[in-house]
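K.L.:
Residue numbers (my numbering), protein chains in the order written: chain A, 1 to 130; chain B, 1001 to 1130; chain C, 2001 to 2130.
Cβ coordinates follow ideal geometry from the N, Cα and C atoms, glycine included.
The structure is given below, and queries will be raised subsequently.
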Amino acid sequence: MPHCIVEYTSNLGEDAQIRPLLKKLAAKFRDSEGVFPTGGIRVRAIRLDEYVVADGEADDAFVNVMVKIGSGRDPAFKERFFGEMFEMIKAHFEPVFETRSFALSMYVEEADKDGSYKENNIHARLKHQP
Amino acid sequence: MPHCIVEYTSNLGEDAQIRPLLKKLAAKFRDSEGVFPTGGIRVRAIRLDEYVVADGEADDAFVNVMVKIGSGRDPAFKERFFGEMFEMIKAHFEPVFETRSFALSMYVEEADKDGSYKENNIHARLKHQP
Amino acid sequence: MPHCIVEYTSNLGEDAQIRPLLKKLAAKFRDSEGVFPTGGIRVRAIRLDEYVVADGEADDAFVNVMVKIGSGRDPAFKERFFGEMFEMIKAHFEPVFETRSFALSMYVEEADKDGSYKENNIHARLKHQP
């Protein structure tokens, strides 16, 4: 944890700047005062090629960010942290909002602890780095 | 909201008629007596190229529809509306059911309000249209 | 049910052995003493081409398995069955763990019965087989 999936419609083309966005998202998770261990950060994008948005009449675009975190984080921390994250994402897409019809959304969910399984040797790599 | 993701196995080929299905789904959401604002409708498909179905012995196909809506809608409305939506999807795939082994499913979930973030200028486009 | 989605980063290449993994997962669901009917098993993979993992500095890889099952299964059964499933997945990726930085995770969720819809003629195919 955290897991973060960024869905984006292909009509955004180069304007989406998806790779830079994924980097910013991972950096934001790292900058969490240790709440999210670096070795658990997994951010990825899914490009959507088939979609219908709103009335289907215009070339509307959208981006949807789905975050899954472990349960039990402090509610005040979550509100502040993910509020900042969404402001960061909005800023990333400011040029898109200025030039086209666009819907941006983000959902943060907690994983059920009982149904969570993991094995990860990235933590070890990070620990042993100079 | 609503978000709607249609997963479909690639062995359906042209028989899936995915683009027409996405259009029907978006139209159904628009036809909701204002419960689902048009500007928030985002329907997309994900094509599956790697899968194993049932006993893995036949060329079985499946379609899975995942809907996410805002919380707090009337339970009776939801039961009626999504019952109608599933009947519509079943009718769409009637030719598929008649000719092959096929599993169809739909899941409707509500987003947790506390973890939901959005920014959308499509509503504004729709408002200012003639 | 069950639904099972395997996300994997494309940098795993042939080492992921995704097709064999999907087959093993489907076989494990079939080997559930009837808890999971064979006709409802739908296992698929989603290949990820755009991602940032951990500190973004190394060529880290990950696999994330998302399982959705019907509600109401016995907690002790779930703990045993999915514990075994995760051990099986770990064993599958043992060669990967030995050679690179890699994060493996699995999440098991129950679908809300009220929001679940299905139609499936694969059960009938299986019943009428010799």
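Between the stretch 34-49 of chain A and the stretch 2052-2072 of chain C, do at least 3 Cβ pairs fall closer than 8 Å?
P.N.:
yes
K.L.:
Need the endpoints of the beta strand (DSSP E) that His2003 of chain C sits in, please.
P.N.:
His2003 to Thr2009
K.L.:
Within 8 Å (strictly less), CB to CB, does Asn64 of chain A reach chain C?
P.N.:
no
K.L.:
Touch check for the stretch 1060-1075 of chain B and the stretch 2091-2101 of chain C: three-plus C-beta pairs under 8 Å?
P.N.:
No: the two stretches stay apart, fewer than three of their Cβ pairs being nearer than 8 Å.
K.L.:
Using a Cβ-Cβ cutoff of less than 6 Å, which residues in the same chain neighbour Met2001 of chain C once the five nearest sequence positions on both sides are dropped?
P.N.:
Gly2040, Ile2069 and Gly2070
K.L.:
The alpha helix (DSSP H) that contains Ala2076 of chain C, what's its start and end?
P.N.:
Residue range Pro2075 to His2092 is occupied by the alpha helix (DSSP H) that includes Ala2076 of chain C.
K.L.:
Taking DSSP as the reference, what is the three-state secondary structure of Arg1100 of chain B?
P.N.:
Coil at Arg1100 of chain B, not helix or strand.
K.L.:
Based on Cα-Cα distance, which residue from A:Asp49, A:Ser105, A:Tyr117 and A:Arg47 lies nearest to Tyr2107 of chain C?
P.N.:
A:Tyr117
K.L.:
May I have the straight-line CA-CA distance separating Met2085 of chain C from Lys2028 of chain C, to the nearest angstrom?
P.N.:
7 Å
K.L.:
Using a cut-off of 7 Å between C-beta atoms, extract the partners of Val1108 of chain B located in chain C.
P.N.:
By Cβ distance, chain C contributes Gly2115.
K.L.:
8 Å is my cut-off, CB to CB: does Tyr2008 of chain C come that close to chain A?
P.N.:
Tyr2008 of chain C has a beta carbon lying at 8 Å or more from every beta carbon in chain A.
K.L.:
For Glu34 of chain A and chain B, any beta-carbon pair shorter than 8 Å?
P.N.:
Just to set this straight, residue 34 of chain A is Gly in the shown sequence, not Glu. It does not; no Cβ of chain B falls within 8 Å.
K.L.:
List the endpoints of the continuous beta strand (DSSP E) containing Lys1068 of chain B.
P.N.:
First-last of the beta strand (DSSP E) with Lys1068 of chain B: Ala1061 to Ile1069.
K.L.:
For Met88 of chain A, which residues of its own chain have a beta-carbon under 7 Å away from its beta-carbon, when the five flanking residues on both sides are left out?
P.N.:
Lys24 and Lys28
K.L.:
If I follow the unbroken alpha helix (DSSP H) through Ala2026 of chain C, where does it start and stop?
P.N.:
Ile2018 to Arg2030
K.L.:
Which stretch, first to last residue, makes up the alpha helix (DSSP H) that contains Lys2118 of chain C?
P.N.:
Per DSSP, Lys2118 of chain C belongs to no alpha helix (DSSP H); it is in the beta strand (DSSP E), Ser2116 to Asn2120.
K.L.:
Look at the Cβ atom of Ala45 of chain A, then the Cβ atom of Asn11 of chain A, and state whether they are nearer than 8 Å.
P.N.:
Taking a C-beta distance under 8 Å as the contact criterion, Ala45 of chain A and Asn11 of chain A do not qualify as a contact pair.
K.L.:
Distance cutoff 8 Å, beta carbons only. Does Ala1103 of chain B sit that close to anything in chain C?
P.N.:
It does; some Cβ of chain C falls within 8 Å.
K.L.:
Tell me which residues share the same chain as Leu2048 of chain C and place their Cβ nearer than 8 Å to its Cβ, disregarding the 5 neighbours each side in the sequence.
P.N.:
Glu2007, Tyr2008, Thr2009 and Ser2010
K.L.:
Excluding the 5 residues preceding and the 5 following Ala1016 of chain B in the sequence, name in chain order all residues of the same chain whose CB lies nearer than 6 Å to its CB.
P.N.:
Tyr1008
K.L.:
Rounded to whole angstroms, what's the CA-CA distance from Ala2091 of chain C to Pro75 of chain A? Just pull it up for me.
P.N.:
37 Å
K.L.:
Is it true that the CB of Gly2115 of chain C sits closer than 8 Å to the CB of Glu1109 of chain B?
P.N.:
yes
K.L.:
Starting from Ala2054 of chain C, find everything on chain A with Cβ-Cβ shorter than 7 Å and list it in chain order.
P.N.:
Thr38, Gly39, Ile41, Ile122 and Leu126
K.L.:
What residue does the beta strand (DSSP E) around Leu12 of chain A start on, and which one ends it?
P.N.:
For Leu12 of chain A, no beta strand (DSSP E) segment is defined, and its DSSP state is neither H nor E.
K.L.:
Which of helix, strand or coil does DSSP assign to Ala45 of chain A?
P.N.:
Residue state, collapsed to three classes: strand.
K.L.:
Could you tell me how far apart the beta carbons of Arg19 of chain A and Ala2058 of chain C are, in whole angstroms, since I believe they sit closer than 8 Å?
P.N.:
About 17 Å; that fails the 8 Å criterion.
K.L.:
Using a beta-carbon distance cut-off of less than 8 Å, what residues from the stretch 83-97 of chain A approach chain C?
P.N.:
none
K.L.:
Is it buried or exposed for His1128 of chain B, if we count other Cβ within 10 angstroms and need 16 for buried?
P.N.:
exposed
K.L.:
In the DSSP assignment, the beta strand (DSSP E) including Glu2050 of chain C goes from what residue to what residue?
P.N.:
Looking at the DSSP string, the run of the beta strand (DSSP E) that includes Glu2050 of chain C is Glu2050 to Val2053.
K.L.:
Around the Cβ of Phe81 of chain A, are there at least 16 other Cβ atoms within 10 angstroms (buried) or fewer (exposed)?
P.N.:
buried
K.L.:
If you drop the 5 nearest sequence neighbours on each side, which residues of the same chain put their C-beta closer than 8 Å to that of Gly2034 of chain C?
P.N.:
none
K.L.:
Against chain C, does Asp112 of chain A count as a neighbour if the rule is that its beta carbon must be under 8 Å from one of theirs?
P.N.:
yes
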